[in-house]
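Residue numbers (my numbering): 42 to 329. Presented below is the structure to which this report refers.
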């Protein structure tokens, strides 16, 4: 019959309903600031989507757009100013930054309570302790929300995470293994001896490696749940614009899996929704 597609847009819409209820009970209006440096077209699209989400939910947004030649010290001072602004609850630096900037250093300047991306070392460190009450990286937490929405049983299941990045793969593995989720997790990476064999043994696969079509249908155990985090731009002469978006999972996987998140329309909307959720969470913390 083929896999049922996991509708990230529908899941995000359900989450937004709950967020609106939380916002209505807040003593203050949640406020998110987004810093974008340079003219990368994809980055500006992502920022516009975030601003539109804020508008839908009633979250105040401040959009700080700066030229690519901006000095890092200027960005650092801007972050310090935003940290000190009591009316502001979330700070996000849109990736990628220009090559002359140290994104890791700038991220560490953000007040951990306002780090709505969840990338500050303090927030990532809490995940290692099994603590999820703070700011959790948006894409991994969005995947968990999507799995919960689809009523996927995780406890005792074998999960494989492909990719070990600090912002997706590693926190994803921690969330799947944490108490309450209780999956048994394997991380597959570039040095894994037999990635295909690891995936064939998995009940749940999270592909987050940034290689279009890497995960083939013969990598998948029949009935497995497959979540495709990859968003890759590939050439396509049949399209007017000359390219299309492709995930890390080959489309033929749909013939083998039981559930599959599409690209686009799967994890992407959940990442934005969880950013909004983190902003509301931060406002709730900081209003007291």
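C-beta atoms are modelled at their ideal positions from N, C-alpha and C, and glycine is treated no differently.
query: Tell me the DSSP secondary structure of residue 243 in three-state form.; result: coil
query: Skipping 5 residues on each side, what residues in its chain have a beta carbon closer than 6 Å to that of residue 178?; result: 159, 208 and 212
query: Can you give me the start and stop residues for the beta strand (DSSP E) that residue 17 sits inside?; result: No information on residue 17 is available, as it lies outside the stretch 42 to 329 that the chain covers here.
query: If you pair each beta-carbon of the stretch 89-103 with each one of the stretch 136-153, do three or more pairs fall below 8 Å?; result: no
query: Here's the rule: buried if 16 or more other CB atoms are within 10 angstroms of the residue's CB, otherwise exposed. What is residue 2?; result: Outside the modelled stretch of the chain, which goes from 42 to 329, sits residue 2, for which no answer is possible.
query: On the criterion of 16 or more Cβ atoms from any shown chain inside 10 Å, does residue 134 qualify as buried, or is it exposed?; result: buried
query: Return the chain-ordered list of same chain residues with a C-beta closer than 8 Å to the C-beta of residue 68, the five sequence neighbours on each side being excluded.; result: 328
query: Give the list of continuous alpha helix (DSSP H) stretches no shorter than 4 residues that lie fully inside the stretch 183-264.; result: 210-218 and 236-241
query: Sort out for me which residues DSSP pairs residue 273 with in a bridge.; result: 287
query: Report the residue from 292, 165, 266 and 141 whose alpha carbon sits nearest the alpha carbon of residue 198.; result: 266
query: Does chain C have any CB closer than 7 Å to the CB of residue 113?; result: As a matter of chain content, chain C is missing from the structure shown, which is built from one protein chain.
query: So, helix, strand or coil for residue 102, using DSSP?; result: strand
query: Within 8 Å, do at least three Cβ pairs link the stretch 223-236 to the stretch 272-287?; result: no
query: Count the other CB atoms, across all protein chains shown, that sit within 10 Å of the CB of residue 55; report buried if there are 16 or more and exposed otherwise.; result: exposed
query: Going straight from the alpha carbon of residue 98 to that of residue 248, what length do you get?; result: 30 Å
query: Decide yes or no for the touch test of the stretch 236-243 against the stretch 252-261: beta carbon pairs closer than 8 Å, at least 3 of them.; result: yes
query: Check whether the stretch 283-303 touches the stretch 122-139, taking contact to mean three or more Cβ pairs, one atom from each stretch, closer than 8 Å.; result: no
query: Return the residue from the list 113, 203 and 251 that minimises the CA-CA distance to residue 234.; result: 203
query: Tell me whether the beta-carbon of residue 224 lies closer than 7 Å to the beta-carbon of residue 200.; result: yes
query: Which residue's Cα is closest to the Cα of residue 335: 299, 311, 324 and 320?; result: The question about residue 335 has no answer, for the chain in this structure spans 42 to 329.
query: By the three-class DSSP mapping on this structure, what secondary structure does residue 13 have?; result: Nothing about residue 13 can be reported from this structure: the residues present for the chain run from 42 to 329 only.
query: Quick one: what's residue 76 bridged to in DSSP?; result: 105 and 134
query: What first and last residue would you give for the alpha helix (DSSP H) that runs through residue 312?; result: 308-327
query: Between residue 79 and residue 125, is the Cβ-Cβ spacing less than 7 Å?; result: no
query: With a Cβ-Cβ cutoff of 7 Å, do residue 183 and residue 86 count as a contact?; result: no
query: Mind checking residue 164: buried by the 16 CB within 10 Å criterion, or exposed?; result: buried
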